[in-house]
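Top line first, the protein sequences correspond to chains C and W.
In this text, residue positions in the first sequence follow our numbering: the first is 101, and each later residue adds one.
In this text, residue positions in the second sequence follow our numbering: the first is 628, and each later residue adds one.
Backbone N, C-alpha and C fix where the C-beta goes; we use that ideal spot for every residue, glycine too.
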Amino acid sequence: GDSVTQTEGLVTLTEGLPVMLNCTYQTIYSNPFLFWYVQHLNESPRLLLKSFTDNKRTEHQGFHATLHKSSSSFHLQKSSAQLSDSALYYCALTGGYKVVFGSGTRLLVSP
Amino acid sequence: DAGVTQTPRHEVAEKGQTIILKCEPVSGHNDLFWYRQTKIQGLELLSYFRSKSLMEDGGAFKDRFKAEMLNSSFSTLKIQPTEPKDSAVYLCASSPGTGDQAPLFGEGTRLSVL
Numbered sequence: 101g102d103s104v105t106q107t108e109g110l111v112t113l114t115e116g117l118p119v120m121l122n123c124t125y126q127t128i129y130s131n132p133f134l135f136w137y138v139q140h141l142n143e144s145p146r147l148l149l150k151s152f153t154d155n156k157r158t159e160h161q162g163f164h165a166t167l168h169k170s171s172s173s174f175h176l177q178k179s180s181a182q183l184s185d186s187a188l189y190y191c192a193l194t195g196g197y198k199v200v201f202g203s204g205t206r207l208l209v210s211p
Numbered sequence: 628d629a630g631v632t633q634t635p636r637h638e639v640a641e642k643g644q645t646i647i648l649k650c651e652p653v654s655g656h657n658d659l660f661w662y663r664q665t666k667i668q669g670l671e672l673l674s675y676f677r678s679k680s681l682m683e684d685g686g687a688f689k690d691r692f693k694a695e696m697l698n699s700s701f702s703t704l705k706i707q708p709t710e711p712k713d714s715a716v717y718l719c720a721s722s723p724g725t726g727d728q729a730p731l732f733g734e735g736t737r738l739s740v741l
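In structure tokens:
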């Protein structure tokens with residue numbers, strides 16, 4: 101079945117440094133949708149980014165990601181981390197059936 | 628815009644009780660998901676409905692967890708009997724089921740089992 105792998109359980113950064121959270125996936129579908137969700141403390145996950153198009157950069161709220169079907173990757177990046185970026189980030193995938201979530205990466209940004 | 632509504636927001640139960648959590652999906656959405664979220668396990672899929680039909684029922688949760696969707700605008704998750712290890716946040720999400728299929732989450736129900 102479909103699967104999403106987020107290799108880092110915890111990423112700690114100093115404010116101002118670049119952010120990169122890894123996401124790779126496996127699916128039988130040739131045209132999957134990929135998503136990034138962000139979950140702040142005591143809130144529910146909310147959609148941050150989504151993509152369907154191969155090799156096209158998608159951006160929102162300072163974050164960006166590019167779907168690369170050749171490497172089955174959809175890494176989340178930001179040029180400069182802010183304290184308010186501290187949260188839990190989930191990568192997710194759907195090929196037209198259910199949505200599959202990765203295990204999540206907790207990002208902690210310190211001053 | 629109306630989002631996904633979950634009630635109650637908080638629930639405290641004694642071990643062995645039966646509890647029912649409720650979810651109203653976004654109007655017009657065809658897919659509905661129930662997840663359990665804990666710090667250790669992350670998001671675990673409990674049930675998945677498409678057009679009110681149960682498509683998946685999380686294997687590890689079948690014995691005491693039962694989700695139902697009697698109509699397109701309402702779903703319940705029953706836990707019977709509750710155990711302390713069921714203490715978690717239960718999230719309901721819905722999505723269109725076609726095209727852009729990003730699920731929209733409700734605010735969740737925080738369950739504490741004593």
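Three-way DSSP call (helix, strand, coil) for residue i in this model
i              : result
residue 684(W) : strand
residue 713(W) : helix
residue 671(W) : strand
residue 209(C) : strand
residue 102(C) : coil
residue 703(W) : strand
residue 691(W) : coil
residue 107(C) : coil
residue 720(W) : strand
residue 200(C) : strand
residue 739(W) : strand
residue 725(W) : coil
Neighbouring residues, chain W, relative to residue i (Cβ below 7 Å)
i              : result
residue 135(C) : 729
residue 144(C) : 718, 732, 733, 734, 735
residue 147(C) : 729
Chain-ordered chain W contacts of residue i [CB-CB under 8 Å]
i              : result
residue 156(C) : Simply none; closest approach about 15 Å.
Contacts that residue i makes with chain C (C-beta to C-beta distance below 8 Å)
i              : result
residue 638(W) : Within 8 Å Cβ-Cβ: nothing; residue 638(W) doesn't reach chain C, min ~16 Å.
residue 659(W) : Those within 8 Å of residue 659(W) in chain C number zero; the least Cβ separation is about 11 Å.
residue 655(W) : Near residue 655(W) there are no residues of chain C at all, since even the closest Cβ is about 17 Å away, more than 8 Å.
Interface partners of residue i on chain C, CB under 9 Å
i              : result
residue 674(W) : Neighbours of residue 674(W) on chain C: none; closest Cβ ~10 Å, over 9 Å.
residue 722(W) : 194, 199
CB-CB length for residue i against residue j, believed under 8 Å
i              : j              : result
residue 731(W) : residue 631(W) : 6 Å
residue 649(W) : residue 634(W) : 5 Å
residue 651(W) : residue 662(W) : Actually they do not touch by this definition, with Cβ atoms about 16 Å apart.
residue 177(C) : residue 115(C) : With 8 Å as the limit, residue 177(C) and residue 115(C) do not qualify as a contact, their Cβ atoms being about 16 Å apart.
residue 122(C) : residue 139(C) : At roughly 18 Å, the Cβ-Cβ gap does not stay under 8 Å, so residue 122(C) and residue 139(C) are not in contact.
residue 204(C) : residue 192(C) : Contact doesn't hold; Cβ gap of about 10 Å is too wide.
residue 685(W) : residue 673(W) : 5 Å
Interface residues of chain B facing residue i [CB-CB closer than 9 Å]
i              : result
residue 669(W) : Considering every chain present, this structure includes no chain B. Its protein chains are C and W.
>> Can you pull out the residues from the stretch 180-211 of chain C whose beta carbon lies closer than 9 Å to at least one beta carbon of chain W?
In response: Within the stretch 180-211 of chain C, the residues whose Cβ lies closer than 9 Å to some Cβ of chain W are 188, 190, 192, 194, 196, 197, 198, 199, 200, 201, 202, 203, 204, listed in chain order.
> If you measure beta-carbon to beta-carbon, which residues of the stretch 680-697 of chain W are closer than 9 Å to chain C?
Replying inline: Across the stretch 680-697 of chain W, CB contacts with chain C closer than 9 Å involve 682, 683, in sequence order along the chain.
>> Which complete beta strand (DSSP E) runs does the stretch 109-193 of chain C hold, if anything under 3 residues is left out?
In response: Counting only runs of 3 or more, we get 110-114, 119-121, 124-126, 133-139, 146-151, 157-160, 163-166, 176-178.
> Taking only runs of the beta strand (DSSP E) that begin and end inside the stretch 634-672 of chain W, which ones reach a length of at least 3 residues, in chain order?
Replying inline: Counting whole runs of 3 or more residues, the stretch 634-672 of chain W contains the beta strand (DSSP E) stretches 637-640, 646-651, 658-665.
> What are the residues of the stretch 160-179 of chain C that lie near chain W, defined by any Cβ-Cβ distance shorter than 9 Å?
Replying inline: Listed in sequence order: no entries.
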